[in-house]
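Student: Got a structure for you, written out below as structure tokens; questions coming shortly.
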Amino acid sequence: MSSPKNSTIKLIDYTKSDFEIESLELEFELDAKKTYVTSKAVYTKFSHQKKLVLNGEQQDLVSVEINGNKLDKSSFKLTSTTLEIFEVPECFTLTIKTIIYPSKNTSLLGLYMSSDILCTQCEAEGFRRITYFLDRPDVMTKYRTKLIAHKNKFPVLLSNGNKVDSGELGDGRHWTIWEDPFKKPSYLFALVAGDLSVVRDVYVTSINKKKIDIEIYCDKGNEGKCDHAMRSLKNSMKWDEEKFGLEYDLDMYMIVAVNSFNMGAMENKGLNIFNSAYVLARKDTATDDDFLGIESVIGHEYFHNWTGNRITCRDWFQLTLKEGLTVYRDQEFSSDMNSRSVQRIKDVLKLRSTQFVEDSGPTAHPIKPKSYIQIDNFYTTTIYEKGAEIIRMIEKIVGKEGFRKGMDKYFELYDGQAVTTDDFVHAMEIANGTDLTHFKRWYDQAGTPIVKINELYDETSKKYTLELEQTCEMKTYGESWRPCHLPVLFCLFDSQGNEIFPETLESLPNLDKTKKIWHLKENKEKATFLNLEHRPILSFNRQFSCPIIVKHDRPVSDHIFLMKNDTDEFNRFESSQILATDAIMQNVDLLKEQKELSLDPFYIESFGSILYDDSLGHSIKASCLDLPSMALLKQEMSNRSLPIDIHKLLMAREGSIKTLGQSHQEFLFKLYNEFKTDTFDLSSKSMGKRELKNICLSFLTSTENPEYIDLAYQQFINSNNMTDELASLSCLAKIKCDKTELALDSFYKKWKDEPLVIQKWFALKATQTHDPSLKFLIDLANNPAFDKKVPNFLRSLYTTFANQNDKLFHQENGHGYKIMIDRILEIDKYNPDVSARMFNAFRIFKKLEINLQNEMKIELERLKNEQNLSKNLFEIVSQITS
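Take the sequence shown: its letter number 606 is residue 607 in my numbering, and every next letter is one higher.
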């Protein structure tokens, strides 16, 4: 494996730029094959540095001028990644002319083609593919952009800020000029040119009654799929005003939906470019989860206007400054728009199934890493989701009012600047008169803390002692892990289900009785509670207040009690999942002993108690009934220091689902029929009913009873919304029968011309397990509806196969590993960002049972021997195989 060029970049080496850019004028003569770019930047030098080194790649340099004087080739040096001008004056205007080739740009970074649309993606380092520039987030300037293009090909010309002028050139071309009044770094630059439709609306701010023009651009024919995105945007604007007093600062806000996009969306100032999957939705083309995802991502990118754009990050090591904070904000927005408890459950499930895995393996890193080879690899669930949890803990420490005060201080101190995570924490400290020095360890350490709980109750003295021990198995950069500040929400219940907080033996400064928070800061702490007639029941880490793993050896009866009585809905869900996990793990043990599967009758009864509980909301009940995913179960085996036996785990889970379906089929059928004819709307209540109905259907069809298979098929052909249509198709896809093939064929014929819908079909086909030769993957990739240059298609087929088809990806002959490495190598040649993300499926390598581990090792060794891997893929391969 040859090492890519460029050495590791380290946080410790950061130095401020020697130059400031007062203003930048850009002119684009746009064309799909060849685009001419002229940049005119006004520079000021802050040091005695003679030379100026600019970032730039994958473009042809035409000319360089300083103050109108053209430089000859002896005055500068051009490499594949830089333009070095040997000597520059104190203040000067630098004009650079280049040529770029959008249609050849398959990496989807810089200026590229998405279908017939010209668009950009500049985060993190895409602007250097447009022109030679100081492409770093701490160099901020004001942009004026002129776009010129043939009007018949590109009638719509968009860029950042406000449109200030436009006109015709008389040769079939037209032009527009855009000015952004706010300084921004180069990664926030954007342009779009194409033949697009637009949906328009107006939002009037509640603070200054300012009229904002809102425009959503999409392919023609998709205008009717923008309503939900428009509502979500207006709700986001209103929420940010009410929650944080933040008003939008430009005259217009634009969203453009494109099909080819490496990420979900991008917060370019005033011109957000979106993966179309997070804009376009109609009830017949999008599921409830799609609608919720759109609302969340629309909110996320809008909230970046202040937490990311107005205040940006000084360097890429500070990425969580904008992303962790903005994920926290979009989670809070979604919680207020829908069910707070359900949102919390979904956020934690995502954290545990992805970030906990990342945090316990070879790609683990702190939310503020100290080094990287390729920054694109650090757009991770650690930076985003764990980063959000760390913001949430700060909110727990200072309180909701204190957090708002801290946010106000943050904007007061740093608006218009590029800053660090330390600056954010500092604002929280001075606004609340608190010291967060200990808490800041969260920013510098990898790994998920483990809290071990020991309970002691003395019937004679009526004392209850709670001992907590905080540990972590990770080291960060070779350093020993140090205990973090954990603001753990907890309470005690008496036998009647009443919350109690008895007196303690001694005054404990880390125990906040009013807020019921234990501020665990040391390796070991304990508290003794007095005058308790009976052993209390502990509800720990309520609302999942800290991103930790809890190890607590306690009676099953405690979980049953909490499942029925806990006043925290998240912990009711948590108890149901612990019971389900233990039941599945018991079945794994039976399989290891070569015994038949046998689900504990006690758990079957416990499952029924959830099913029959009318006090639970529909969504919460559905969440409690849904057994832990394979991703969560794999992580649980890892937490228990067991080698992951994929096939026994899969058999145990599937067998448990089938047993539960058989044991409770009458009531599952009754519950299903209660919601069978409900009308469709997007309220939380309606979504909850559909979710519960479809969970019931999945348990029923797991029995493979022909009556229930027909029930699923009837739902499929009679559905009036994608949620029910896809849920029933998913149930059928797990069964090999005539109705399965009829339904899958029917779905394909109906939706093959709708890219976002047919991607769901590819994902379902990728999970089918009847063809161990994996020929079906090759056939699907050759399907005329499949476009290998569009990341959404690659994710729907290959990422789904590797992450959700455990039976065939983890074949004992290693064939699943081989075909994935083949595809990763192929994709790496044209889109390194996607290939590197696909390779994350292999980070489980050293946790697998030995036979699978040996098969995976063969393919990893093959990959290591490949020459000319991209920097993206090289970095992750190095981490996983080291």
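Backbone N, C-alpha and C define an ideal beta-carbon position, used for all residues, glycine too.
Between Ser1 and Ala191, which are expected to be in contact by the criterion C-beta below 8 Å, what is the C-beta distance as a whole number of angstroms?
Tutor: What the structure shows of the chain is the stretch from 2 to 883, and residue 1 is not part of that stretch, so it cannot be assessed.
Student: Out of Lys671, Ser198, Gln497, which has the shortest C-alpha to C-alpha gap to Phe562?
Tutor: The shortest Cα separation from Phe562 among Lys671, Ser198, Gln497 belongs to Gln497.
Student: How would you call His811, buried or exposed, if buried means at least 16 neighbouring beta carbons within 10 angstroms?
Tutor: So His811 counts as buried.
Student: I'd like the ranges of any alpha helix (DSSP H) spanning at least 4 consecutive residues and lying wholly in the stretch 48-112.
Tutor: Runs found: none.
Student: If you count every other CB in all the chains shown that lies within 10 Å of the CB of Ile718, and 16 or more means buried, which is it?
Tutor: Its Cβ having fewer than 16 others within 10 Å, Ile718 is exposed.
Student: In the DSSP assignment, find the unbroken beta strand (DSSP E) run with Lys552 in it and report its ends.
Tutor: It spans 550-553 - the beta strand (DSSP E) in which Lys552 sits, taken as one unbroken run.
Student: In its own chain, which residues sit with a C-beta less than 8 Å from the C-beta of Trp307, not counting the 5 before and 5 after it?
Tutor: Only Asp241, Phe245, Leu247, Phe412 meet the Cβ criterion.
Student: Mapping DSSP to helix, strand and coil, what is His492?
Tutor: The question names His, but residue 492 is Cys in the sequence shown. In this structure, Cys492 counts as strand in the three-state DSSP scheme.
Student: Tell me whether Arg824 is buried or exposed, calling it buried when 16 or more other Cβ atoms sit within 10 Å of its Cβ.
Tutor: The residue in question, Arg824, is buried, as its Cβ has 16 or more Cβ neighbours within 10 Å.
Student: Once you ignore the five residues that flank Asp513 on each side, which residues in its own chain have a CB closer than 8 Å to its CB?
Tutor: The answer, listed in chain order, is Trp519, His520.
Student: Spatial neighbours of Ser335 within its chain, please: C-beta separation below 6 Å, excluding the five flanking residues on both sides.
Tutor: Result list for Ser335: Ser297, Gln344, in chain order.
Student: As a quick exercise: from Phe541, Ala581, His553, pick the residue whose alpha carbon is nearest that of Asn572.
Tutor: Comparing Cα-Cα distances from Asn572 to each of Phe541, Ala581, His553, the minimum goes to Phe541.
Student: Only counting the same chain, and skipping five residues up and downstream in sequence, which positions put a Cβ closer than 8 Å to that of Lys235?
Tutor: Hits under 8 Å: Asp202, Tyr204, Ile215.
Student: Let's test the definition: count the other Cβ atoms within 10 Å of the Cβ of Leu170 and tell me whether it reaches 16, buried, or not, exposed.
Tutor: So Leu170 counts as exposed.
Student: Look at the alpha carbon of Pro186 and the alpha carbon of Gln319, and state the distance between them as a whole number of angstroms.
Tutor: Roughly 14 Å separates the two Cα atoms.
Student: Spell out the partners DSSP gives Val349 in its beta bridges.
Tutor: None; Val349 has no bridge partner.
Student: Would the beta-carbon of Asp807 fall within 8 Å of that of Ile647?
Tutor: Yes, they are a contact pair.
Student: Alpha carbon to alpha carbon, how far is Lys397 from Pro488?
Tutor: Taking the straight line from one Cα to the other gives about 7 Å.
Student: DSSP beta-bridge partners for Thr39?
Tutor: Bridge partners of Thr39: Glu28, Lys98.
Student: Report the rounded CA-to-CA distance for Ile256 versus Asn153, giving the unit in angstroms.
Tutor: Each residue's alpha carbon lies about 22 Å from the other.
Student: Would you call the stretch 597-615 and the stretch 653-660 in contact, with 3 or more CB pairs under 8 Å?
Tutor: Counting Cβ pairs under 8 Å, three or more are found: they touch.
Student: Please report the distance separating the alpha-carbon of Phe404 from that of Glu386.
Tutor: Cα-Cα distance, rounded: 19 Å.
Student: In three-state DSSP terms, what is Pro182?
Tutor: DSSP places Pro182 in strand when its eight states are reduced to three.
Student: Cβ atoms of Val165 and Ala194: under 8 Å apart, would you say?
Tutor: Cβ distance not < 8 Å, so Ala194 and Val165 don't count as in contact.
Student: Taking the continuous beta strand (DSSP E) assigned at Asp172, which residues delimit it?
Tutor: That residue, Asp172, is in no beta strand (DSSP E); it is neither H nor E in DSSP.
Student: In angstroms, rounded to a whole number, what distance separates the CA positions of Asp220 and Asp754?
Tutor: Going from the Cα of Asp220 to the Cα of Asp754 covers about 14 Å.
Student: At which residues does the alpha helix (DSSP H) containing Gln663 begin and terminate?
Tutor: Unbroken alpha helix (DSSP H) run through Gln663: 647-664.
Student: Which whole runs of the alpha helix (DSSP H) in the stretch 535-618 are 4 residues long or more, in chain order?
Tutor: Those alpha helix (DSSP H) runs which fall completely within the stretch 535-618 and span 4+ residues are 557-566, 570-593, 602-612.
Student: Tell me the start and end of each unbroken beta strand (DSSP E) in the stretch 253-286 that is at least 3 residues and wholly inside, in chain order.
Tutor: Here the runs fully enclosed are 253-259, 272-276.
Student: Using 8 Å for Cβ pairs, my map puts Phe29 next to Val43. What's the rounded Cβ distance?
Tutor: So it is not a contact: roughly 19 Å between Cβ atoms.
Student: CB Lys527 to CB Val589, shorter than 8 Å?
Tutor: No, these two residues do not count as a Cβ contact at 8 Å.
Student: Leaving out the 5 sequence neighbours to the left and right, which residues in its chain are closer than 8 Å to Lys909 when beta-carbon positions are compared?
Tutor: With the chain represented from 2 up to 883, any question about residue 909 goes unanswered, as that position is not in the structure.
Student: Taking the alpha helix (DSSP H) that Thr422 falls in, what are its first and last residues?
Tutor: Looking at the DSSP string, the run of the alpha helix (DSSP H) that includes Thr422 is 422-433.
Student: Does the separation of the CB atoms of Leu119 and Pro103 fall below 8 Å?
Tutor: Yes.
Student: Under three-state DSSP, which class holds Ala716?
Tutor: Per the sequence shown, residue 716 should be read as Gln rather than Ala. Of the three classes helix, strand and coil, the one that applies to Gln716 here is helix, per DSSP.
Student: Can you give me the Cβ contacts of Glu85 inside the same chain, cut-off strictly under 7 Å, excluding the 5 residues immediately before and after it?
Tutor: Cβ within range, chain order: Lys52, Val54, Phe77, Lys78.
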